[in-house]
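Beneath this line is the structure, given in structure tokens, with notes to follow.
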Amino acid sequence: MSNRQLQIDSEHLQFLGKCAVCSTEYRLQQVKVIDKKGEAALIHADCSQCNTSTLFAVMTGEVGYVVTMGMLTDLTKEDLKRFGSARPITLEDVLDWHVQFEQSNALQGLKAKAAGGRNSASSER
Ligand SMILES: [Zn+2]
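So the mapping is simple: our numbering equals the position in the sequence shown, first residue as 1, plus 70.
In structure tokens:
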């Protein structure tokens with residue numbers, strides 16, 4: 071693994087391509103490296119034209135940068151920092167939410183709604 075820091079400059083923008091929504095080329099000031107581990111990096115880019123955000127998974131190597139994946143996102147750069155430092159959700163968290171959800175009777179309301187929807191659908195036949 072290389073210890074080189076991943077720096078984005080105007081030469082590297084070509085590897086990110088253009089905005090998938092409006093085909094506008096990315097501007098340097100709207101592209102930021104969010105995380106880097108070894109030769110893999112996560113890059114966030116905002117389109118200057120349509121404001122669509124895209125996350126890129128990038129591998130660096132001797133031949134330059136290779137984008138392995140790009141996906142549209144509604145996460146901002148700040149969201150990524152916040153969620154990146156959050157602790158992972160555990161099985162205990164999921165069980166606690168389930169118990170709280172059941173105790174709030176929200177699940178009963180949804181079940182009744184679903185049953186009502188099924189009954190009305192079957193009565194139409
Ligand atoms: Zn765009």
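Here a beta-carbon is modelled for each residue, glycine too, at the ideal position from N, C-alpha and C.
> Can you tell me the Cα-Cα spacing of H82 and K102, whole angstroms?
Replying inline: 12 angstroms
> From this set, L145, E132, C89, D149, which residue's C-alpha is nearest E109's C-alpha?
Replying inline: E132
>> Under DSSP, the alpha helix (DSSP H) around K151 begins and ends at which residues?
In response: 147 to 154
> Taking 7 angstroms as the cut-off, does the CB of T94 come closer than this to any heavy atom belonging to ligand 1?
Replying inline: yes
>> With three or more beta-carbon pairs closer than 8 angstroms as the criterion, would you say the stretch 141 to 152 touches the stretch 110 to 124?
In response: The stretch 141 to 152 is in contact with the stretch 110 to 124.
>> Taking the alpha helix (DSSP H) that D163 belongs to, which residues open and close that run?
In response: 161 to 173
> Tell me the DSSP bridge mates of S123?
Replying inline: Under DSSP, S123 shares a beta bridge with D116, T143.
> Does DSSP classify L83 as helix, strand or coil?
Replying inline: helix
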